[in-house]
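*Asks:* Structure below; questions to follow.
Number of protein chains: 2
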Amino acid sequence: MREKSLENLIKNLRRLPTIGPKTASRLAFHILKMPKDDVVSLSQAILSVKEKIKFCRECFNISEDELCRFCSDETRDRKIICVVEEPKDIFVIEETQKYSGIYHVLGGAISYLEDIGPEKIRIKELEERVKRNSVHEVIVATNPNMEGDATAIYISKLLKSHNVRVTRIAYGLPVGGDLEFADPVTMARSLEGRVVV
Amino acid sequence: MREKSLENLIKNLRRLPTIGPKTASRLAFHILKMPKDDVVSLSQAILSVKEKIKFCRECFNISEDELCRFCSDETRDRKIICVVEEPKDIFVIEETQKYSGIYHVLGGAISYLEDIGPEKIRIKELEERVKRNSVHEVIVATNPNMEGDATAIYISKLLKSHNVRVTRIAYGLPVGGDLEFADPVTMARSLEGRVVV
Numbered sequence: 000m001r002e003k004s005l006e007n008l009i010k011n012l013r014r015l016p017t018i019g020p021k022t023a024s025r026l027a028f029h030i031l032k033m034p035k036d037d038v039v040s041l042s043q044a045i046l047s048v049k050e051k052i053k054f055c056r057e058c059f060n061i062s063e064d065e066l067c068r069f070c071s072d073e074t075r076d077r078k079i080i081c082v083v084e085e086p087k088d089i090f091v092i093e094e095t096q097k098y099s100g101i102y103h104v105l106g107g108a109i110s111y112l113e114d115i116g117p118e119k120i121r122i123k124e125l126e127e128r129v130k131r132n133s134v135h136e137v138i139v140a141t142n143p144n145m146e147g148d149a150t151a152i153y154i155s156k157l158l159k160s161h162n163v164r165v166t167r168i169a170y171g172l173p174v175g176g177d178l179e180f181a182d183p184v185t186m187a188r189s190l191e192g193r194v195v196v
Numbered sequence: 000m001r002e003k004s005l006e007n008l009i010k011n012l013r014r015l016p017t018i019g020p021k022t023a024s025r026l027a028f029h030i031l032k033m034p035k036d037d038v039v040s041l042s043q044a045i046l047s048v049k050e051k052i053k054f055c056r057e058c059f060n061i062s063e064d065e066l067c068r069f070c071s072d073e074t075r076d077r078k079i080i081c082v083v084e085e086p087k088d089i090f091v092i093e094e095t096q097k098y099s100g101i102y103h104v105l106g107g108a109i110s111y112l113e114d115i116g117p118e119k120i121r122i123k124e125l126e127e128r129v130k131r132n133s134v135h136e137v138i139v140a141t142n143p144n145m146e147g148d149a150t151a152i153y154i155s156k157l158l159k160s161h162n163v164r165v166t167r168i169a170y171g172l173p174v175g176g177d178l179e180f181a182d183p184v185t186m187a188r189s190l191e192g193r194v195v196v
């Protein structure tokens with residue numbers, strides 16, 4: 000019904016997450032109205048991110064160089080490795096400004112439902128790093144859900160023989176939240192994890 | 000803090016409507032993970048829409064040819080012109096399958112707040128089309144808000160001397176809606192516009 004190039008753009012935009020048919024159409028019409036320079040810039044930015052970004056050969060974080068900014072930063076503590084599922088999780092941890100170790104990106108989590116076993120994510124590579132660099136602590140910061148927990152337990156068992164402390168980030172109530180709206184599972188974890196003040 | 004090409008993509012995505020910082024970042028990471036072919040396809044679709052689509056020389060709808068699909072369609076009734084603010088509004092009207100006339104795209108609406116006078120939108124071009132083609136009816140389908148109404152009134156006065164019926168799309172309750180949730184202004188318009196059944 001619409002112009003072919005417009006239909007094609009809408010189809011391409013709809014492949015992106017959070018973009019439904021209405022948003023795709025709205026974005027497409029906006030792009031139509033944008034100055035040519037901005038359109039070229041957007042189009043090239045999309046291509047360039049795919050062309051330039053590769054994975055750090057050490058921790059598998061995204062990087063424009065062989066080693067990512069954390070692995071190549073001499074001031075970071077190499078004896079602590081924080082394990083995350085995806086590169087984007089690193090930014091959340093960096094924003095706290097409370098962590099000065101390095102990272103390890105698994106590229107997913109163990110999921111029995113989705114048939115993702117430990118061999119499908121970068122757990123072997125983690126074990127090798129721990130052995131090679133005599134790491135003191137591995138903080139498992141996988142997502143706070145069933146898959147993340149399963150992955151944490153697997154890693155903890157696996158590394159038991161390597162004389163390394165394996166910890167898991169804490170469950171509890173979000174800061175600034177409201178007790179009234181806490182779900183019972185989180186509330187239970189918050190009680191379990193209570194600390195002396 | 001992030002890779003330069005990633006930062007640049009996020010910056011470009013944030014210029015789009017409905018895309019805040021979180022969505023931009025999510026989309027960028029998704030694009031990173033997409034197969035190369037899909038990324039190339041998205042990037043080219045964006046460029047191509049800007050390169051291929053121009054405005055219909057008759058009604059100013061978007062078109063890949065000199066004349067848009069409606070102006071070049073011999074089966075459409077040339078004696079009725081439906082006036083809309085933007086090309087995308089045409090799709091909403093076409094979806095009803097109740098309209099067989101042609102269109103006129105103003106490219107906006109009169110707005111005293113934003114200093115958009117009648118000379119800034121394509122009202123003169125509408126008048127010329129009405130004169131040239133001895134049009135019977137002009138249906139003003141500008142948005143149902145203050146600017147749309149002001150534009151409708153302006154067009155109605157302007158075309159008074161040209162022996163053409165100028166109508167405005169009806170205000171009322173949306174079909175399938177709930178009286179309980181109708182706002183008082185819409186409810187009042189719905190009462191005013193009541194019809195004999």
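In the order they appear, the protein sequences are chains A and B. At position 174 of the first sequence (counting the first as 1) the number is 173 in numbering that gives the first Met the number 0, and the numbers step up by one without a gap. At position 95 of the second sequence (counting the first as 1) the number is 94 in numbering that gives the first Met the number 0, and the numbers step up by one without a gap. For glycine and all other residues, C-beta sits at the position ideal for the given N, C-alpha and C. Here the structure is a predicted model, which is why all the values come from computation and not from measurement.
Name the chain B residues whose beta carbon is nearer than 9 Å to that of residue 26/A?
*Replies:* The residue labelled residue 26/A in the question sits at position 27 within the first sequence. Near residue 26/A (Cβ distances below 9 Å), the residues of chain B are 15, 16, 17, 18.
*Asks:* How would you write the range of the alpha helix (DSSP H) that residue 29/B sits in, first residue to last?
*Replies:* Position 30 of the second sequence, counted from the first residue, corresponds to residue 29/B. Unbroken alpha helix (DSSP H) run through residue 29/B: 20-32.
*Asks:* If you draw a straight line from the alpha carbon of residue 64/A to that of residue 146/A, how long is it in whole angstroms?
*Replies:* Reading the first sequence from its first residue, position 65 is the one you call residue 64/A. Reading the first sequence from its first residue, position 147 is the one you call residue 146/A. Computed Cα separation, rounded: 31 Å.
*Asks:* Taking DSSP's pairing of strands, which residues face residue 111/B in a bridge?
*Replies:* Here residue 111/B is taken as the residue at index 112 of the second sequence, counted from 1. In the DSSP output, where bridge partners are listed per residue, residue 111/B has none listed.
*Asks:* For residue 74/B, decide whether its Cβ has a neighbour in chain A, counting only Cβ atoms nearer than 9 Å.
*Replies:* Here residue 74/B is taken as the residue at index 75 of the second sequence, counted from 1. Closer than 9 Å: no.
*Asks:* Using a 10 Å radius around the Cβ and a threshold of 16 neighbouring Cβ atoms, would you call residue 86/B buried or exposed?
*Replies:* Position 87 of the second sequence, counted from the first residue, corresponds to residue 86/B. Its Cβ being crowded by 16 or more others within 10 Å, residue 86/B is buried.
*Asks:* In the DSSP assignment, the alpha helix (DSSP H) including residue 153/A goes from what residue to what residue?
*Replies:* As a working note, residue 153/A is residue 154 in the first sequence. Note, residue 153/A: alpha helix (DSSP H), 145-158.
*Asks:* Note down, in chain order, all residues in the stretch 53-70 of chain A with a beta-carbon under 7 Å from any beta-carbon belonging to chain B.
*Replies:* Listed in sequence order: 61, 62, 63.
*Asks:* By the criterion of Cβ-Cβ separation under 7 Å, what are the contact partners of residue 4/A in chain B?
*Replies:* The residue labelled residue 4/A in the question sits at position 5 within the first sequence. Those within 7 Å of residue 4/A in chain B are 47, 48, 51, 52, 63.
*Asks:* Should residue 90/A and residue 1/B be called a contact, given that it needs their Cβ atoms to be closer than 9 Å?
*Replies:* In the first sequence, residue 90/A corresponds to position 91, counting from 1. In the second sequence, residue 1/B corresponds to position 2, counting from 1. In this structure, residue 1/B lies closer than 9 Å to residue 90/A by Cβ.
*Asks:* Run through chain A and tell me which residues come within less than 8 Å of residue 35/B, C-beta to C-beta.
*Replies:* Counting from one through the second sequence, the residue named residue 35/B turns up at place 36. Chain A residues near residue 35/B: 49.
*Asks:* Leaving aside the five residues before and after residue 108/B along the sequence, list all residues of the same chain whose C-beta is less than 6 Å from its C-beta, in chain order.
*Replies:* The residue you call residue 108/B lines up with position 109 of the second sequence. If we look at residue 108/B and ignore the five residues flanking it on each side, its Cβ neighbours are 84, 141, 146, 147, 150.
*Asks:* Taking Cβ to Cβ, would you say residue 97/B is nearer than 9 Å to residue 38/A?
*Replies:* Within the second sequence, numbered from 1, the residue matching residue 97/B stands at position 98. Within the first sequence, numbered from 1, the residue matching residue 38/A stands at position 39. No, they are not a contact pair.
*Asks:* Using alpha carbons as the reference points, say which of 103/A, 144/A, 35/A, 31/A lies closest to residue 125/A.
*Replies:* The residue given as residue 125/A occupies position 126 in the first sequence. It is 103/A whose Cα lies nearest to the Cα of residue 125/A.
*Asks:* For residue 71/A, which three-state DSSP category applies?
*Replies:* Stepping through the first sequence from its first residue, residue 71/A is reached at position 72. Here residue 71/A sits in coil by DSSP.
*Asks:* Do the CB positions of residue 120/B and residue 105/B come within less than 9 Å of each other?
*Replies:* The residue labelled residue 120/B in the question sits at position 121 within the second sequence. The residue labelled residue 105/B in the question sits at position 106 within the second sequence. Closer than 9 Å, so yes.
*Asks:* Which chain A residues are close to residue 30/B, counting only those with a beta carbon under 8 Å from its beta carbon?
*Replies:* Counted from its first residue, the second sequence places residue 30/B at position 31. Chain A residues near residue 30/B: 15, 45, 48, 49.
*Asks:* When burial is assigned at 16 or more other CB atoms within 10 Å of the CB, is residue 180/A buried or exposed?
*Replies:* As a working mapping, residue 180/A is identified with position 181 in the first sequence. Exposed, because fewer than 16 other Cβ atoms sit within 10 Å of the Cβ of residue 180/A.
*Asks:* Going along chain B, which residues have a C-beta under 9 Å from residue 95/A?
*Replies:* Here residue 95/A is taken as the residue at index 96 of the first sequence, counted from 1. Those within 9 Å of residue 95/A in chain B number zero; the least Cβ separation is about 13 Å.
*Asks:* Report back the beta-carbon spacing between residue 122/B and residue 172/B to the nearest angstrom; my notes put them in contact at under 8 Å.
*Replies:* In the second sequence, residue 122/B corresponds to position 123, counting from 1. In the second sequence, residue 172/B corresponds to position 173, counting from 1. At roughly 30 Å, the Cβ-Cβ gap does not stay under 8 Å, so residue 122/B and residue 172/B are not in contact.
*Asks:* Per the DSSP calculation, residue 182/B is bridged to which residue(s)?
*Replies:* What you label residue 182/B is simply residue 183 of the second sequence in a count that begins at 1. Paired residue(s): none; residue 182/B is not in a bridge.
*Asks:* Got a sec: is the Cβ-Cβ distance from residue 85/A to anything in chain B below 9 Å?
*Replies:* Residue numbering aside, residue 85/A sits at position 86 when the first sequence is read from its first letter. Closer than 9 Å to some Cβ of chain B, the Cβ of residue 85/A qualifies, so yes.
*Asks:* On the CB-based measure, 16 or more other CB atoms within 10 Å of its CB, does residue 17/A come out buried or exposed?
*Replies:* Within the first sequence, numbered from 1, the residue matching residue 17/A stands at position 18. The residue in question, residue 17/A, is exposed, as its Cβ has fewer than 16 Cβ neighbours within 10 Å.
*Asks:* With 16 other CB atoms within 10 Å as the buried threshold, where does residue 44/A fall?
*Replies:* Your numbering for residue 44/A matches position 45 in the first sequence. Counting Cβ neighbours within 10 Å, residue 44/A comes out buried, since at least 16 surround it.
*Asks:* Along the chain, where does the beta strand (DSSP E) containing residue 76/A start, and where does it finish?
*Replies:* Locating residue 76/A in the first sequence gives position 77, where the first residue counts as 1. It spans 76-83 - the beta strand (DSSP E) in which residue 76/A sits, taken as one unbroken run.
*Asks:* When the Cα of residue 128/B is compared with those of 81/B, 40/B, 11/B, which residue comes out closest?
*Replies:* Locating residue 128/B in the second sequence gives position 129, counting from the first residue. Nearest of 81/B, 40/B, 11/B to residue 128/B, Cα basis: 81/B.
*Asks:* Please list, in chain order, the chain B residues whose beta carbon lies closer than 7 Å to that of residue 41/A.
*Replies:* Counted from its first residue, the first sequence places residue 41/A at position 42. Per Cβ cutoff of 7 Å: 11, 45.
*Asks:* Taking the alpha-carbon positions, what's the residue 192/A to residue 166/A distance?
*Replies:* Counted from its first residue, the first sequence places residue 192/A at position 193. Counted from its first residue, the first sequence places residue 166/A at position 167. Straight-line Cα distance between these residues: approximately 14 Å.
*Asks:* Would you check if the distance between the CB atom of residue 41/B and the CB atom of residue 12/A is smaller than 9 Å?
*Replies:* Counted from its first residue, the second sequence places residue 41/B at position 42. Counted from its first residue, the first sequence places residue 12/A at position 13. Yes, they are a contact pair.
*Asks:* Specify, as a first and last residue, the run of the alpha helix (DSSP H) that residue 166/B falls within.
*Replies:* Here residue 166/B is taken as the residue at index 167 of the second sequence, counted from 1. Premise fails: residue 166/B lies in the beta strand (DSSP E), 164-167, not in any alpha helix (DSSP H).
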